[in-house]
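J.: Protein chains in written order, with numbering that gives the first Met the number 0: chain A, 0 to 287; chain B, 0 to 300; chain C, 0 to 396. This is the structure I want to talk about, given as structure tokens.
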Amino acid sequence: MTVQSAIRRRGPLERVLAAHSWVVYLFFYAPIIVLIVFSFNDGRQVSIWQGASLRWYRQMLEDQALLSALRNSLIVAVLSTLVSTVLGTATALAMERFRFRTQRVYDGLLYLPIIVPEVTLAAMMLVFFIQAFDIIGRITGSTPNLSLTTIILSHICFNISFVTVVVRARLAGLDPNLEEAAADLYASRWKAFRRVTLPLIMPGVLGGALLALTMSLDDVVTTSFVSGPGSTTLPVYVFGLVKKGVTPVINAVSVLMLLVSMTLVLGSLVVQQGGGARKARQRKKEAI
Amino acid sequence: MARRGKAALEEAAVVTPDLERSATKAESRRGFLMALPGYAYLIIFFAVPMLIIFVYSFGTRSATGKTILGNWNLESYRRLFDDLVLGIIWRSLWLALATTVICLLVSYPFAYYIATRGPRLRGLLMVLVMIPFWTNFLVRTYAWRLILGRSGPLAAVLGFIGVGEPRLLFTNSAILIGLVYGHLPFMVLPLYASIERLDWSLVEAARDLYANGWKAFGKVTLPLSMPGVVGGTILTFIPCFGAYIEPELLGGAQTMMLGSFIENQYYAVSDWPFGSALSFVIMALMLVGTIVYFRKGGRSA
Amino acid sequence: MKRLTLILAVIALLAAACGDDEGGTTTTEAGTTTTAGSTTSAGPAECALGETDGDLVLYNWTQYIPTGPDAEEAGVTDLLAKFEEEFGVSVTQDYFTSNEELRSKLQAGATGYDVIVPSDYMVSMLITDGLLMELQMDAIPNFANLDPEFINPPFDPEHRYHMPYQWGTTGIGVAWNELPEDFPTSWGLIFDPANPADLGRGQITLLDDAREVLGAALRYLGYSVNSTSETEIQAAADLVKDTLNRGVVATFDSDTFENMLTSGETIIAHGYSGDFFLEFDNLSTDDYDAWEDFGYFVPDEGGVLWVDTMAIPANAPHPCTAHAFINFLLDAENGAELTNYNWYGSPNAAAEEFIWPEILEDPAIYPPPEVMERLEFIADLGEMNALYEQVFTEARG
Numbered sequence: 000m001t002v003q004s005a006i007r008r009r010g011p012l013e014r015v016l017a018a019h020s021w022v023v024y025l026f027f028y029a030p031i032i033v034l035i036v037f038s039f040n041d042g043r044q045v046s047i048w049q050g051a052s053l054r055w056y057r058q059m060l061e062d063q064a065l066l067s068a069l070r071n072s073l074i075v076a077v078l079s080t081l082v083s084t085v086l087g088t089a090t091a092l093a094m095e096r097f098r099f100r101t102q103r104v105y106d107g108l109l110y111l112p113i114i115v116p117e118v119t120l121a122a123m124m125l126v127f128f129i130q131a132f133d134i135i136g137r138i139t140g141s142t143p144n145l146s147l148t149t150i151i152l153s154h155i156c157f158n159i160s161f162v163t164v165v166v167r168a169r170l171a172g173l174d175p176n177l178e179e180a181a182a183d184l185y186a187s188r189w190k191a192f193r194r195v196t197l198p199l200i201m202p203g204v205l206g207g208a209l210l211a212l213t214m215s216l217d218d219v220v221t222t223s224f225v226s227g228p229g230s231t232t233l234p235v236y237v238f239g240l241v242k243k244g245v246t247p248v249i250n251a252v253s254v255l256m257l258l259v260s261m262t263l264v265l266g267s268l269v270v271q272q273g274g275g276a277r278k279a280r281q282r283k284k285e286a287i
Numbered sequence: 000m001a002r003r004g005k006a007a008l009e010e011a012a013v014v015t016p017d018l019e020r021s022a023t024k025a026e027s028r029r030g031f032l033m034a035l036p037g038y039a040y041l042i043i044f045f046a047v048p049m050l051i052i053f054v055y056s057f058g059t060r061s062a063t064g065k066t067i068l069g070n071w072n073l074e075s076y077r078r079l080f081d082d083l084v085l086g087i088i089w090r091s092l093w094l095a096l097a098t099t100v101i102c103l104l105v106s107y108p109f110a111y112y113i114a115t116r117g118p119r120l121r122g123l124l125m126v127l128v129m130i131p132f133w134t135n136f137l138v139r140t141y142a143w144r145l146i147l148g149r150s151g152p153l154a155a156v157l158g159f160i161g162v163g164e165p166r167l168l169f170t171n172s173a174i175l176i177g178l179v180y181g182h183l184p185f186m187v188l189p190l191y192a193s194i195e196r197l198d199w200s201l202v203e204a205a206r207d208l209y210a211n212g213w214k215a216f217g218k219v220t221l222p223l224s225m226p227g228v229v230g231g232t233i234l235t236f237i238p239c240f241g242a243y244i245e246p247e248l249l250g251g252a253q254t255m256m257l258g259s260f261i262e263n264q265y266y267a268v269s270d271w272p273f274g275s276a277l278s279f280v281i282m283a284l285m286l287v288g289t290i291v292y293f294r295k296g297g298r299s300a
Numbered sequence: 000m001k002r003l004t005l006i007l008a009v010i011a012l013l014a015a016a017c018g019d020d021e022g023g024t025t026t027t028e029a030g031t032t033t034t035a036g037s038t039t040s041a042g043p044a045e046c047a048l049g050e051t052d053g054d055l056v057l058y059n060w061t062q063y064i065p066t067g068p069d070a071e072e073a074g075v076t077d078l079l080a081k082f083e084e085e086f087g088v089s090v091t092q093d094y095f096t097s098n099e100e101l102r103s104k105l106q107a108g109a110t111g112y113d114v115i116v117p118s119d120y121m122v123s124m125l126i127t128d129g130l131l132m133e134l135q136m137d138a139i140p141n142f143a144n145l146d147p148e149f150i151n152p153p154f155d156p157e158h159r160y161h162m163p164y165q166w167g168t169t170g171i172g173v174a175w176n177e178l179p180e181d182f183p184t185s186w187g188l189i190f191d192p193a194n195p196a197d198l199g200r201g202q203i204t205l206l207d208d209a210r211e212v213l214g215a216a217l218r219y220l221g222y223s224v225n226s227t228s229e230t231e232i233q234a235a236a237d238l239v240k241d242t243l244n245r246g247v248v249a250t251f252d253s254d255t256f257e258n259m260l261t262s263g264e265t266i267i268a269h270g271y272s273g274d275f276f277l278e279f280d281n282l283s284t285d286d287y288d289a290w291e292d293f294g295y296f297v298p299d300e301g302g303v304l305w306v307d308t309m310a311i312p313a314n315a316p317h318p319c320t321a322h323a324f325i326n327f328l329l330d331a332e333n334g335a336e337l338t339n340y341n342w343y344g345s346p347n348a349a350a351e352e353f354i355w356p357e358i359l360e361d362p363a364i365y366p367p368p369e370v371m372e373r374l375e376f377i378a379d380l381g382e383m384n385a386l387y388e389q390v391f392t393e394a395r396g
């Protein structure tokens with residue numbers, strides 16, 4: 000029973016659904032189009048068209064502060080995503096596949112970072128770090144500073160929760176028979192995990208990692224609270240620009256980030272397809 | 000793994016109860032150790048800070064806005080019942096609810112449509128959904144300011160049609176549009192994941208059973224996709240409730256929401272005890288609400 | 000699990016309490032630690048003139064000091080690069096977007112900043128909190144360049160902790176074409192329902208600042224910006240609330256009010272002088288003079304005179320470089336370049352010969368004496384500050 004035949008019976012409804020989806024896509028892309036168009040605006044005004052030009056792109060590439068903010072953002076995002084993905088996946092596996100005593104409490108704890116209002120999380124982290132630095136300073140004599148590290152540590156906090164939720168969802172939907180069969184096949188638990196469970200949950204892990212990356216790259220409130228001298232990230236810098244005086248440089252930056260992320264995603268898709276095609280060819284070979 | 004272990008253990012229990020006990024303990028310990036790094040991280044970097052803030056909520060604000068941790072009192076909690084505060088909470092609640100409902104109504108048919116395409120097209124369509132959200136969130140929200148402004152494209156279009164000059168920007172409606180825009184993917188993703196995994200043979204069977212397609216939907220498809228609905232509504236409602244950026248950029252003179260209000264307490268007013276008390280109560284409410292909602296709607300989106 | 004929670008609670012309490020110990024006080028204040036662990040400001044540093052002790056970290060508002068491609072476009076010297084060259088150190092600039100953000104960071108104990116740029120009323124608050132370092136006057140001989148008007152201001156009477164940076168006024172920016180010929184140059188433009196009578200919805204923006212908005216209302220009602228009378232303050236708040244209820248105020252905005260004015264979103268904007276001028280100047284091209292369509296004035300009833308300052312945090316890692324930087328900015332030519340870039344008034348009398356004439360001659364930037372008389376600094380009112388914030392939030396409800 001294919002999906003296609005399940006719907007084909009519902010002709011007119013199908014068309015309505017399609018139309019609805021087009022409208023939704025339009026809604027998604029309207030601001031993006033506005034952004035892109037006005038990034039080529041010659042005038043300073045972000046909303047009044049004054050001819051086409053590349054001046055903002057030129058200015059963006061010369062703006063040292065902006066570029067260093069971009070670099071900081073990428074460092075923070077990549078590091079926090081890596082750590083939170085590993086920790087989050089391990090946690091998800093533990094929660095879904097094992098039973099241990101403090102599980103229920105941990106369950107609640109896991110959801111808290113998502114539930115806490117952003118501002119509160121930010122204030123919490125700031126006070127915590129300052130107190131911690133104070134204690135460290137007393138013990139070792141040198142007081143650490145707010146820096147990229149404190150930002151990364153804060154991001155990992157909420158990212159663990161996001162990754163765990165996504166991977167758990169994936170795990171919960173898996174067929175347990177597959178894992179049981181794997182446990183019978185492979186003598187070592189680790190091998191069973193690596194050969195069977197991990198590939199099965201990989202879409203979930205990647206999805207969680209992607210989510211964590213996005214949340215980290217976009218974070219403004221928490222980051223601005225816990226950043227120190229020289230550790231401004233892109234969203235915080237942009238927030239400052241928005242507050243002081245908007246020029247289309249912001250648009251140019253957004254278009255740049257859009258291109259980068261599009262390349263990343265499309266690139267990974269191509270790699271996946273390539274891998275899939277290769278496997279298909281291999282199977283064909285073996286069949287013969 | 001737990002299941003396999005359990006089955007084997009049940010057999011073994013008859014013969015060797017001690018072995019059973021130590022095996023269960025080993026399983027349990029393995030699980031605990033696996034969860035430990037994440038657990039420890041959240042304890043150190045989340046639970047402890049949260050407790051510190053909790054302690055703050057019983058403190059007092061000094062004349063210059065510093066927090067005095069001495070005269071423990073419940074003043075901050077008492078102030079939560081002021082008209083002003085309740086009004087702001089009510090407005091935030093209302094907007095979050097409206098956003099969630101709109102997102103749900105818009106996303107379900109959308110997710111359904113995508114989930115019922117062929118596998119390759121599905122993936123592409125979902126990527127197309129995600130791409131806009133890879134631009135900076137702040138800038139995207141700011142773009143709505145341009146679109147909804149007096150001299151923006153929307154006003155131009157509406158003027159062309161002849162509807163006149165609507166005042167959209169800096170109103171509750173503008174905040175609503177911004178919130179819906181920002182949170183649609185959080186609704187679409189879980190819904191899509193849930194619908195995509197549906198056992199279509201069940202749907203087909205339902206259609207055979209019920210002559211009416213809508214009944215089939217209501218009795219089979221919708222309940223089966225409920226985990227997605229629950230997940231999506233939680234991921235949408237909670238951030239909307241405490242949203243800060245959208246009201247700041249798109250809101251007007253009399254549309255203060257919870258996020259801005261709390262931020263105000265920590266910054267301009269510098270009343271950390273009050274801000275902390277407010278945050279805690281909100282957090283507790285959300286937690287209770289989520290637990291209740293989960294129990295009713297079922298887990299695992 | 001219960002035991003774990005108990006232990007955590009104890010840790011948290013200890014951590015909070017250990018924030019500051021002064022040998023057995025019954026109340027502890029969080030986040031007041033300086034490296035010496037006291038609540039008084041640090042004493043003056045021991046710095047020779049022009050001495051540096053490391054790189055400079057500046058904590059400033061955005062686009063407030065000419066540097067990078069922005070400076071080039073404005074035709075002004077890159078002051079940070081100039082400082083780096085002259086003194087052989089590197090400069091990092093970080094940004095904050097509000098005085099309160101600055102204060103929160105410092106109060107929580109953040110370190111690493113050498114020079115900060117707080118506004119006037121914030122200086123007195125920071126002094127009370129013990130967060131500023133006393134300046135060593137002989138490392139800042141350019142102090143002599145200052146205009147007497149800005150020496151020994153009420154917020155730091157003995158001039159021990161700050162140096163003035165730039166000053167300006169808060170008033171009203173307008174779009175000439177949208178208002179009747181003889182509109183009143185008064186705060187009534189905002190607060191008086193009769194004038195102009197046909198103002199549409201959302202045509203006004205107000206600053207997102209309790210003291211500024213209430214201050215404007217207070218002046219309109221004939222009171223002082225620094226009133227300590229609860230009745231007066233409440234009257235001002237009620238006036239604001241009535242204005243909001245009329246629906247003429249679009250939003251509260253302290254950052255993009257000038258953009259909204261020039262893009263046609265609003266026709267009346269409550270805002271800071273320099274922001275308006277910069278915007279009008281940027282908008283003007285060879286063919287178009289923005290000053291024909293837009294303008295700025297200080298209302299007849301008077302208003303706020305503010306000055307942004309340079310100060311050194313008590314825990315600054317490089318106090319000597321900080322002193323050198325402050326002295327550098329008080330130099331006549333450098334001070335002039337600041338004004339030429341951000342179009343605010345310079346407190347530096349010696350700088351006047353290097354400031355562009357169109358700025359010096361503009362009465363909106365350098366108001367005549369009779370207007371200056373009606374302007375007030377916003378003063379730190381101690382406990383009263385909270386009341387202003389409270390009634391402001393309530394009025395916005």
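Even glycine gets a Cβ: it sits at the ideal position worked out from N, Cα and C.
Could you tell me the distance, in whole angstroms, from the CA atom of Val54/B to the CA atom of Pro116/A?
T.: Counting from 1 along the second sequence, the entry for residue 54/B is found at position 55. Counting from 1 along the first sequence, the entry for residue 116/A is found at position 117. In a straight line, the C-alpha of Val54/B is about 18 Å away from that of Pro116/A.
J.: Quick one, which residues of the region 248-261 of chain C are near chain B if we go by CB-CB under 7 Å, in chain order?
T.: Answer set for the region 248-261 of chain C: Val248, Ala249, Thr250 and Phe251.
J.: Leaving out five residues before and five after Ala350/C in sequence, what residues of the same chain have Cβ atoms less than 6 Å from its Cβ?
T.: Here the question's residue 350/C lines up with position 351 in the third sequence. These residues qualify, in order along the chain: Ala331, Gly334 and Ala335.
J.: Of all the alpha helix (DSSP H) runs that stay within the bounds of the region 302-367 of chain C, which reach a length of 4 or more residues?
T.: Whole alpha helix (DSSP H) segments, 4+ residues: 318-328, 331-341 and 356-359.
J.: Whose C-beta lies closer than 8 Å to the C-beta of Thr59/B among residues of the same chain, with five residues either side of it excluded?
T.: As a position in the second sequence, residue 59/B is number 60, starting the count at 1. Excluding sequence neighbours, Thr59/B sits near Thr66, Ile67, Gly69, Asn70, Asn72, Glu74 and Pro272.
J.: Just to confirm, are Leu178/B and Leu94/B a CB contact at a threshold of 8 Å?
T.: Counted from its first residue, the second sequence places residue 178/B at position 179. Counted from its first residue, the second sequence places residue 94/B at position 95. Cβ atoms of Leu178/B and Leu94/B: closer than 8 Å.
J.: Decide yes or no for the touch test of the region 108-124 of chain A against the region 173-192 of chain A: beta carbon pairs closer than 8 Å, at least 3 of them.
T.: Output reads no: the region 173-192 of chain A does not touch the region 108-124 of chain A.
J.: May I ask which residues mark the beginning and end of the beta strand (DSSP E) holding Ile267/C?
T.: Working through the third sequence from its first residue, we reach residue 267/C at position 268. Unbroken beta strand (DSSP E) run through Ile267/C: Ile267 to Tyr271.
J.: Around the Cβ of Thr250/C, are there at least 16 other Cβ atoms within 10 angstroms (buried) or fewer (exposed)?
T.: Translated into positions along the third sequence, residue 250/C becomes position 251. Result: buried.
J.: Under a CB-based cut-off of 8 Å, is Asp128/C close to chain B?
T.: Along the third sequence, one-based indexing puts residue 128/C at 129. Yes, Asp128/C lies at the interface with chain B (some Cβ there is under 8 Å from its Cβ).
J.: Do the region 183-198 of chain C and the region 309-327 of chain C touch if we need at least three Cβ pairs shorter than 8 Å?
T.: Segments in contact, no.
J.: For the beta strand (DSSP E) containing Trp166/C, name the first residue and the last one.
T.: Here residue 166/C corresponds to residue number 167 of the third sequence, with the count starting at 1. Note, Trp166/C: beta strand (DSSP E), His161 to Ala174.
J.: In whole angstroms, what separates the C-alpha of Gln130/A from that of Leu249/B?
T.: Residue numbering aside, residue 130/A sits at position 131 when the first sequence is read from its first letter. Residue numbering aside, residue 249/B sits at position 250 when the second sequence is read from its first letter. Using only the alpha carbons, I get a separation of about 36 Å.
J.: Would DSSP call Val90/C helix, strand or coil?
T.: For the purposes of this step, residue 90/C is identified with residue 91 of the third sequence, where counting begins at 1. Three-state DSSP puts Val90/C in a strand.
J.: So if DSSP puts Gly118/C in a beta bridge, which residue, or which two residues, is it bridged to?
T.: In the third sequence, the residue the question calls residue 118/C occupies position 119. Contrary to the premise, residue 118/C reads as Ser rather than Gly in this sequence. DSSP output for Ser118/C lists Asp307/C as bridge partner(s).
J.: On a Cα-Cα basis, can you pick out the residue from Glu388/C, Gly111/C and Ala193/C that is closest to Gly227/A?
T.: For the purposes of this step, residue 227/A is taken as the residue at position 228 of the first sequence. Closest by alpha carbon: Gly111/C.
J.: Measuring only the C-alpha atoms, how far is Phe80/B from Ser20/A?
T.: Reading the second sequence from its first residue, position 81 is the one you call residue 80/B. Reading the first sequence from its first residue, position 21 is the one you call residue 20/A. Cα to Cα, Phe80/B sits roughly 44 Å from Ser20/A.
J.: Using CA atoms only, rank isn't needed, just tell me which of Gly274/B, Leu83/B, Phe31/B and Glu247/B is closest to Leu175/B.
T.: In the second sequence, residue 175/B corresponds to position 176, counting from 1. Residue Glu247/B is the option with its Cα nearest to Leu175/B.
J.: So, is Leu101/C buried or exposed, given that buried needs 16 or more other C-beta atoms within 10 angstroms?
T.: On the third sequence, residue 101/C is found 102 positions in, with the first residue counted as 1. Per the 10 Å Cβ criterion, buried.
J.: Out of Ile358/C, Asp286/C and Ala385/C, state which residue places its alpha-carbon closest to the alpha-carbon of Phe275/C.
T.: Residue numbering aside, residue 275/C sits at position 276 when the third sequence is read from its first letter. Answer by Cα proximity: Ile358/C.
J.: Looking only at its chain, what residues have a beta carbon closer than 8 Å to the beta carbon of Trp175/C, apart from the 5 residues adjacent to it on each side?
T.: Walking along the third sequence from the start, residue 175/C turns up at place 176. Counting only Cβ-Cβ distances below 8 Å, and skipping sequence neighbours, we find Glu291, Asp292, Phe293 and Gly294.
J.: Quick one: does Gly107/A have its CB under 8 Å from some CB of chain C?
T.: Here residue 107/A corresponds to residue number 108 of the first sequence, with the count starting at 1. Taking Cβ atoms only, chain C never reaches closer than 8 Å to Gly107/A, which makes this a no.
J.: Provide the residue(s) that pair with Ala51/A in DSSP beta bridges, ordered along the chain.
T.: One-based indexing of the first sequence puts residue 51/A at position 52. Answer by DSSP bridge pairing, in chain order: Asn40/A.
J.: Out of Leu188/B, Ser172/B and Val162/B, state which residue places its alpha-carbon closest to the alpha-carbon of Gly203/A.
T.: Position 204 of the first sequence, counting from 1, holds the residue named residue 203/A. Answer by Cα proximity: Leu188/B.
J.: Measure the CB-CB distance between Tyr111/B and Leu25/A and report whether it falls below 8 Å.
T.: Within the second sequence, numbered from 1, the residue matching residue 111/B stands at position 112. Within the first sequence, numbered from 1, the residue matching residue 25/A stands at position 26. Not closer than 8 Å, so no.
J.: Out of Tyr120/C, Val88/C and Leu79/C, point me to the one whose CA is closest to Asn98/C's CA.
T.: Within the third sequence, the letter at position 99 stands for residue 98/C. The residue with the shortest Cα to Cα distance from Asn98/C is Tyr120/C.
J.: Starting from the C-beta of Leu212/A, find all residues in its chain whose C-beta is less than 6 Å away, skip the five residues before and the five after it, and write them out in chain order.
T.: For this step, residue 212/A is matched to residue 213 along the first sequence. Answer for Leu212/A: Ala76 and Thr80, listed in chain order.
J.: My parser needs the alpha helix (DSSP H) runs of 4 or more residues fully inside the region 209-260 of chain A; what are they?
T.: 220-225 and 233-243, all fully within the region 209-260 of chain A.
J.: Just to check my reading of the structure: Gln165/C and Leu374/C have Cβ atoms closer than 8 Å, yes? What is that Cβ distance to the nearest angstrom?
T.: Looking up residue 165/C in the third sequence gives position 166. Looking up residue 374/C in the third sequence gives position 375. In fact, because the Cβ distance is near 15 Å, the residues do not count as touching under 8 Å.
J.: Pull out every residue of the region 235-264 of chain B whose Cβ sits closer than 8 Å to any Cβ of chain C, in chain order.
T.: Flagged, chain order: Gly250, Gly251, Ala252, Gln253, Met255, Phe260 and Asn263.
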